[in-house]
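Asks: Take this structure first; my questions come after.
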């Protein structure tokens with residue numbers, strides 16, 4: 283890795299850039315995409331296509347202060363049960379819009395806390411989804427599981443519905459850090475949840491852990507990573523904590539002077555990265571790790587790694603349909619996002635129409651720039667021929683983009699007429715390099731730290 287001074291000279295420690303889980307990023311979505319356009323895009327899907335389906339459950343029993351997701355707290359199950367009824371109605375609307383024979387290659391429940399749903403609601407929702415959209419051969423069903431919000435009845439319901447992959451959030455095991463970020467979750471509770479998940483035959487386990495948390499040190503993150511490694515997850519996402527109190531007001535509960543500086547964040551990331559590599563994990567993109575036999579690692583080795591709103595994925599389905607408040611769908615023609623406010627989402631579905639509120643229709647330039655950014659984020663390399671032939675990139679524009687990025691990051695990248703590559707020493711700069719291929723005005727939103 284380059285010295286801090288070299289990275290500082292190139293602006294790593296000052297920059298705020300998108301995470302590039304989409305292109306263009308969500309702040310550029312607009313109201314021109316509505317439920318009618320969603321229906322038109324859905325109708326254009328070929329009969330029998332295997333799609334991905336994401337279901338967003340925006341409720342949590344408690345709101346963690348570090349979290350910037352769209353969630354709301356509830357102390358009772360009544361709002362959750364009502365929301366499940368709305369989701370079932372949306373499933374029916376989506377099924378009517380999509381061609382007959384549509385199947386699911388992937389089904390993912392995220393949040394919020396999907397496991398806040400009572401066991402009978404889990405069974406009810408899964409039944410409604412799978413009745414409308416049968417699983418394709420080899421399909422994967424994954425759910426985000428809060429170790430603090432799971433029990434035998436709910437796990438049994440998930441297993442009976444066909445759960446194949448569980449994803450648990452760890453963040454950090456240090457009690458002081460947990461107290462500061464409003465997330466009490468002991469190692470013992472987490473281990474018990476993992477054991478209960480595996481006891482039900484769920485073989486694949488994902489875990490999220492954060493670096494850059496308040497008062498986090500090399501010693502503390504080392505201890506948390508080693509505890510996580512003792513649980514032997516198949517995949518790990520090592521995300522940087524994004525302190526964006528202007529977007530997530532609950533983060534104002536976190537003292538800003540307790541947050542590590544960007545230079546310290548980089549060292550925390552490197553400490554954790556080395557531990558995962560030493561334990562035999564493959565590095566995936568900029569912040570994921572996977573056991574060599576895991577599908578994500580296989581995808582990375584074979585050039586099939588992709589990036590979507592959940593981060594890195596081996597999902598190559600051509601369509602992602604998002605259900606629930608604020609959920610985003612991706613079609614070959616563009617993005618469509620549901621109303622973010624739960625009340626607005628519920629109102630639309632109860633009026634008998636899809637809740638699409640905004641989105642973005644792709645231009646040819648969007649397609650080739652989006653693929654260029656995804657290729658950098660996934661493979662650290664762009665193939666010029668792929669962009670010209672597969673995405674309509676004009677040769678002159680592509681060459682100009684290569685030149686501009688090469689000039690901005692000397693000795694960190696390698697450019698030729700055939701390809702553009704981020705060299706190993708330049709990989710901490712990947713999101714900044716990707717930004718140089720972004721044609722949109724990045725001042726429209728406050729993004730997270732580049733490191």
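Residue numbers (the working numbering): 283 to 733. Yeah, the Cβ is synthetic: ideal placement off N, Cα and C, and Gly gets one too.
1. Can you tell me the Cα-Cα spacing of residue 248 and residue 320, whole angstroms?
2. Check whether the Cβ atoms of residue 713 and residue 302 lie closer than 9 Å to each other.
3. Taking Cβ positions, are residue 348 and residue 503 nearer each other than 9 Å?
4. Could you pull out every unbroken alpha helix (DSSP H) segment of at least 4 residues lying fully inside the region 604–635, listed in chain order?
5. Flag this pair as yes or no: are the beta carbons of residue 610 and residue 623 separated by less than 9 Å?
6. Looking only at C-alpha atoms, which of 705, 534, 450 sits nearest to residue 395?
7. If we ignore side chains and look at the alpha-carbon of each, how far apart do residue 473 and residue 368 end up?
8. Taking the C-alpha atoms as reference points, what is the distance between residue 563 and residue 533?
9. Quick one: is residue 291 buried, meaning 16 or more other Cβ sit within 10 Å of its Cβ, or exposed?
10. Do the region 379–391 and the region 595–603 make contact, defined as three or more Cβ pairs closer than 8 Å?
11. For the alpha helix (DSSP H) containing residue 434, name the first residue and the last one.
12. For residue 510, I'd like the list of residues in its chain whose CB is within less than 8 Å of its CB, leaving aside the five on either flank, ordered along the chain.
13. Could you work out which residue in 616, 686, 540, 397 is closest to residue 326 when comparing CA atoms only?
14. Rounded to whole angstroms, what is the Cα-Cα separation between residue 332 and residue 312?
15. Could you tell me the alpha carbon to alpha carbon distance between residue 538 and residue 438, rounded to whole angstroms?
16. Ignoring anything shorter than 4 residues, give me the alpha helix (DSSP H) runs that lie fully in the region 346–417, in order along the chain.
17. Quick test of the definition: if touching needs 3 or more C-beta pairs under 8 Å, does the region 665–685 touch the region 635–654?
18. Let me make sure I understand the geometry here. Which of 607, 549, 443 has the alpha-carbon closest to that of residue 483?
19. By the 10 Å Cβ neighbour count, where 16 or more other Cβ atoms means buried, how is residue 354 classified, buried or exposed?
20. Rounded to the nearest angstrom, what separates residue 526 and residue 384 at their Cα positions?
21. Note down, in chain order, each residue of its chain lying with its Cβ closer than 8 Å to the Cβ of residue 608, except the 5 sequence neighbours on either side.
22. Would you mind reading off the limits of the beta strand (DSSP E) that contains residue 317?
23. Any idea if residue 614 is buried or exposed, counting beta-carbon neighbours within 10 angstroms, 16 or more meaning buried?
24. Below 9 Å between beta carbons: does that hold for residue 315 and residue 605?
25. Check the DSSP bridge columns for residue 564 and list the partner residues they point to.
26. In terms of residues, what are the limits of the beta strand (DSSP E) holding residue 598?
27. Under DSSP, the beta strand (DSSP E) around residue 641 begins and ends at which residues?
28. Using CA atoms only, rank isn't needed, just tell me which of 577, 410, 487 is closest to residue 370.
29. Quick check: the Cα distance between residue 729 and residue 300, rounded to an integer number of angstroms?
30. Taking the straight line between their C-alpha atoms, what separation do you get for residue 284 and residue 693?
31. Along the beta strand (DSSP E) that carries residue 704, what are the first and last residues, could you check?
32. Residue 422 and residue 465: beta carbons closer than 9 Å?
33. Can you tell me the Cα-Cα spacing of residue 568 and residue 445, whole angstroms?
34. Whose C-beta lies closer than 6 Å to the C-beta of residue 400 among residues of the same chain, with five residues either side of it excluded?
35. Using three-state DSSP, classify residue 283 as helix, strand or coil.
36. Buried or exposed for residue 645, please, with buried defined as at least 16 other CB atoms from any protein chain shown within 10 angstroms of its CB.
Replies: By the coordinates alone:
1. Since the displayed the chain opens at 283 and closes at 733, residue 248 lies outside it and no answer follows.
2. Going by C-beta atoms, residue 713 is nearer than 9 Å to residue 302.
3. The Cβ atoms of residue 348 and residue 503 do not sit closer than 9 Å to each other.
4. Correct list: 624–632.
5. Not a contact, by the Cβ cut-off of 9 Å.
6. Looking at the Cα atoms, 450 is the closest of the given residues.
7. A straight line joining the alpha-carbon of residue 473 with that of residue 368 spans about 34 Å.
8. In a straight line, the C-alpha of residue 563 is about 32 Å away from that of residue 533.
9. By the neighbour-count rule (16 or more Cβ atoms within 10 Å), residue 291 is not buried but exposed.
10. Contact holds: three or more Cβ-Cβ distances are below 8 Å.
11. Looking at the DSSP string, the run of the alpha helix (DSSP H) that includes residue 434 is 434–443.
12. Its chain contains 452, 455, 489, 491, 518 as the residues whose beta carbon lies nearer than 8 Å to that of residue 510, once the 5 sequence neighbours on both sides are disregarded; these appear in chain order.
13. Proximity to residue 326 across 616, 686, 540, 397 peaks at 616, based on C-alpha coordinates.
14. Roughly 28 Å separates the two Cα atoms.
15. In this structure, the alpha-carbon of residue 538 lies about 42 Å from that of residue 438.
16. As for any alpha helix (DSSP H) of minimum length 4 sitting wholly inside the region 346–417, the runs are 360–379, 401–414, ordered along the chain.
17. Contact between the region 665–685 and the region 635–654 is established, with three or more Cβ pairs separated by less than 8 Å.
18. Nearest option by C-alpha distance: 443.
19. By the beta-carbon neighbour count (other beta carbons within 10 angstroms, threshold 16), residue 354 is exposed.
20. Residue 526 and residue 384: Cα-Cα distance of roughly 39 Å.
21. If you ignore the 5 residues before and after residue 608, its C-beta comes within less than 8 Å of the C-beta of 338, 340, 352, 619, 620, 621, 622, 627, all in its own chain and listed in chain order.
22. For residue 317, no beta strand (DSSP E) run applies; the uninterrupted alpha helix (DSSP H) run containing it begins and ends at 317–325, by DSSP.
23. The residue is exposed, with fewer than 16 neighbouring Cβ atoms inside 10 Å.
24. Taking 9 Å as the cut-off, the Cβ atoms of residue 315 and residue 605 do not count as close.
25. Looking at the DSSP assignment, residue 564 forms a beta bridge with 572.
26. From DSSP, residue 598 is part of no beta strand (DSSP E); its letter is neither H nor E.
27. Residue range 638–643 is occupied by the beta strand (DSSP E) that includes residue 641.
28. Comparing Cα positions, the closest option is 410.
29. Roughly 5 Å separates the two Cα atoms.
30. Only weak support is given to the placement of residue 284: the predicted model assigns it a pLDDT of 47, under 50, and the value that follows is read from those uncertain coordinates. A straight-line Cα-Cα distance of about 11 Å links residue 284 and residue 693.
31. Element bounds for residue 704: 701–704.
32. No, the Cβ-Cβ distance between residue 422 and residue 465 is not below 9 Å.
33. Approximately 28 Å between the Cα atoms of the pair.
34. Exclusion of the five residues before and after residue 400 leaves 359 as the residues of its chain whose Cβ lies within less than 6 Å of its Cβ.
35. Any reading at residue 283 must be qualified, since the residue scores a pLDDT of 46, below 50, and its modelled position is unreliable; the value itself is stated next. For residue 283, the secondary structure class from DSSP, reduced to helix, strand or coil, is coil.
36. So residue 645 ends up on the exposed side.
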